[in-house]
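**Student:**
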Amino acid sequence: MSQLSCNTDLTPLPDELLYSFQARIGLHGAILSPKSLIERLYNNRNIAASLVYSSHLETLADALNHVNANDLINRHTLFPLAAPFIPEERCLQCITRMKSDNGLGLHLASGYAASKIPKLKELRYCPACLEAQIKQFGEPYWMRSHQIVGTDVCVFHECTLESIADIRKGQHRHSFLPATMRHRCTARPAHIQPSDRLVSKACEQLLSNTDLSSPELGQWTNYYKHLARSLDATKGIYVDFETLKCMISDYWSPEWLKRYNLSLSDTQSNWLHCIFRKHRKTFSYLEHIVVNAALLKGQFNIVDCINNAAIQAKSLRKYNSVSTVVMLPTALLNEYKANWLRCLQTQSPKFARASHPALYTRIYRADRQWLIATNKQYRVKRPAPSDNVDWEKRDVNTTKSLFRVIYSSEDDLSRPRASKRWLMYQLPNTSTVEKYIRKMPLTLLFLNRYAESVTEYQIRRITYQLLTNPHRHITRRWFLIRAAGLSDARITLITKLFLNGLSTSQLSENLFFQSKISNNKGS
């Protein structure tokens, strides 16, 4: 269990993002090293800073002693925006992963990775809210409600949200950026659109009601079918997409929909078509808000929508597509069946139906079960798809490409570690190589033989500093390790032997200084 040696009395502030809480812990404890902070909080140096979801929360709660993992999830992460719209079983799995030390697949299971809406790439804040925080709590922090994708304004102060540049670029992936006094600025007034107020209110309801049900996919399917029928947006048993499209276009501006990747189109794969069909995947909170707000208008309440979906039947409702059954004389029906069997002797059921549509329709209306059972007996078996890829040729070409990568980068001592993954990501067909590596033995042999080990990478970093760093203390062990970004706790045994050889060789040190002096004169 990790032991937090500083600021154990620190607690999350109202509506504070969990990312911000961890950043404040480091700020109050004067912990400058991102790795040191996460090691104190999680007893693990490999935790990445995440704006949306976090794992290892049970470990964090144990380290702080006075916080609860469930409270952190419900009150200080954005998970309540996704929880009502994913099946209950998967929702519980996500909560378990957030609490445990294994958060693998969390963003996939929650639907965040596959969501259409833009991903959260930057921290946002309201300057007026920042001033209010300083006045009330004595320090600023990042608010959870400001990180919601769907609105760019603070409805309470009617001003535009300011944003920090993309924190993933040039930012240590383990570091937490705290809100500080240097982020204070003048609030810019904004014209609040009805869509901003509606989305903000709906998201506030989702964040504050953490005990909402999680309807199954079949329940969401039945809910939207019932919603379309209640608005007369159907054609028989089918949904009238043109009517729905017009209703949503009248309520939401095309510019707003395009900004959040929710543009409407006539293609069958458009998100509006999919949400009114059988749900085979989950949809984001913003897609549900857009549809329900446009169709229900003044009666829209996202909590009521979720509760109404939760009481729907879990199984899909079956509709009988045959409205009438035509009764035919037995002799006539038997004659039709005999003619159909003769057609099946020379044609498949699909082509027989195309060439004799009237005969097929008569039998279908009179004895549907016999027709379906008979067609199954004469169904044409399709041959299994053949593997048309020349894997031997692709294996050789991939290996040649990897050799070119090695040759082009072998003189660059400052490059990242040439691990198997790094080498594969230099190829144009990375995903293919990762998926079918078992079919490419030469490529696999190359990666096993030429991938750079941790020891080789550490020695290369040390060598790079010896050759390029002009500092006068570069030959001292402690300075060399620091300049190379290493530590005694992480270097391997062979690297230690390499460093010991450098420190005990007076000749190599003299030669090094001579080369540095000559290089400086030449430059």
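Take the sequence shown: its position 235, counting from 1, is numbered 235 in the UniProt record's numbering, and each next residue is one higher. Heads up, the beta-carbon is just placed ideally off N, CA and C, and yes, glycines get one too. This one's a predicted model, so the numbers in the text were calculated from it and none came from an experiment.
(1) Any idea if Arg-472 is buried or exposed, counting beta-carbon neighbours within 10 angstroms, 16 or more meaning buried?
(2) Can you tell me the Cα-Cα spacing of Asp-9 and Phe-137, whole angstroms?
(3) DSSP state of Lys-376, grouped into three classes?
(4) Give the C-beta separation of Cys-126 and His-146 to the nearest angstrom, bearing in mind that I take them to be a contact with Cβ-Cβ under 8 Å.
(5) Is Cys-126 helix, strand or coil when you go by DSSP?
(6) Using only the alpha-carbon positions, how far apart do Val-239 and Lys-245 sit?
(7) Under 6 Å Cβ to Cβ from Ala-179, same chain only, skipping five residues before and after it: list those, please.
(8) Compare the Cα-Cα distances from Tyr-224 to each of Lys-278, Lys-235, Asp-211 and Leu-480 and report the closest residue.
(9) Please state if the CB of Ala-293 and the CB of Tyr-260 are separated by a distance shorter than 8 Å.
(10) May I have the straight-line CA-CA distance separating His-56 from Asn-46, to the nearest angstrom?
(11) Compare the C-alpha of Trp-256 against each of Thr-468, Gln-193, Ala-418 and Leu-207 and name the closest.
(12) In the DSSP output, what is Lys-235 paired with across the bridge?
(13) Threshold first: 3 residues or longer. Then list the beta strand (DSSP E) segments lying entirely within the UniProt domain "TniQ" (10–161), N to C.
(14) Would DSSP call Ser-163 helix, strand or coil?
(15) State yes or no: is the C-beta of Leu-442 within less than 8 Å of the C-beta of Asp-395?
(16) From the DSSP output, in three-state form, read off Pro-329 for me.
(17) Compute the Euclidean distance between the alpha carbons of Gln-268 and Leu-177, then round it to the nearest angstrom.
(18) Have a look at the DSSP bridge pairing and note the partners of Pro-189.
(19) Distance check for Asp-196 and Ala-451, CA to CA, integer angstroms please.
(20) How do the segment 423–430 and the segment 461–476 stand: do at least 3 beta-carbon pairs fall below 8 Å, yes or no?
(21) Can you list, in chain order, the residues of its chain with a C-beta nearer than 6 Å to that of Val-322? Leave out the 5 residues immediately preceding and following it.
(22) Please report the residue range of the alpha helix (DSSP H) in which Ala-354 lies.
(23) Assuming Phe-21 and His-76 form a contact by the criterion Cβ under 8 Å, report the distance between their Cβ atoms to the nearest whole angstrom.
(24) For the segment 279–298 against the segment 181–189, are there 3 or more C-beta pairs whose distance is under 8 Å?
(25) Pick helix, strand or coil for Thr-492, following the three-state DSSP scheme.
(26) Give the single residue among Lys-381, Ser-414, Gly-105 and Asp-304 whose Cα lies nearest to the Cα of Asn-209.
(27) By Cβ distance, which residues of its chain are closer than 6 Å to Gly-170, with the 5 residues on each side in sequence left out?
(28) Roughly how many angstroms separate the alpha carbons of Ala-313 and Glu-58, rounded to a whole number?
(29) Are Thr-282 and Phe-85 close, meaning C-beta to C-beta below 8 Å?
(30) Whole angstroms is fine: what's the gap from Ala-48's alpha carbon to Gly-26's?
(31) In angstroms with no decimal places, state the Cα-to-Cα distance between Pro-357 and Ile-363.
(32) In chain order, what residues of the same chain have a beta carbon less than 7 Å from the beta carbon of Ala-309, not counting five sequence neighbours either side?
(33) With distances taken from CA atoms, which of Thr-399, Leu-341, Asp-367 and Leu-359 is nearest Arg-379?
(34) Could you say which of Leu-120, Gln-299, Ala-354 and Thr-361 lies nearest to Lys-337 if we only look at CA atoms?
(35) Quick check: the segment 453–465 against the segment 481–490, are there 3 or more CB pairs under 8 Å?
**Tutor:** A quick look at the data gives this:
(1) exposed
(2) 14 Å
(3) helix
(4) 6 Å
(5) coil
(6) 11 Å
(7) The answer, listed in chain order, is Pro-140, Tyr-141 and Trp-142.
(8) The candidate whose alpha carbon is nearest that of Tyr-224 is Lys-278.
(9) No, these two residues do not count as a Cβ contact at 8 Å.
(10) 11 Å
(11) Taking Trp-256 as reference, the option from Thr-468, Gln-193, Ala-418 and Leu-207 with the minimal CA-CA separation is Gln-193.
(12) Tyr-238
(13) Unbroken beta strand (DSSP E) runs of no fewer than 3 residues, entirely contained in the UniProt domain "TniQ" (10–161), are not found.
(14) strand
(15) yes
(16) Of the three classes helix, strand and coil, the one that applies to Pro-329 here is coil, per DSSP.
(17) One C-alpha to the other measures close to 43 Å.
(18) Cys-159
(19) 51 Å
(20) no
(21) Here Val-322 scores only 47 on pLDDT, less than 50, and its place in the model is too uncertain to base an answer on.
(22) Following the DSSP letters along the chain, one finds Ala-354 inside the alpha helix (DSSP H) bounded by residues 349–355.
(23) Going by Cβ atoms, the distance from Phe-21 to His-76 rounds to 6 Å, so yes, they are a contact pair.
(24) no
(25) coil
(26) Asp-304
(27) With a pLDDT of 48 at Gly-170, under the threshold of 50, the modelled position of this residue cannot be trusted; read the value that follows with caution. Nothing meets the Cβ criterion.
(28) 36 Å
(29) yes
(30) When rounded, the distance between both Cα atoms is 15 Å.
(31) 10 Å
(32) Pro-215, Gln-219, Trp-220 and Tyr-223
(33) Leu-341
(34) Thr-361
(35) The segment 453–465 vs the segment 481–490: in contact.
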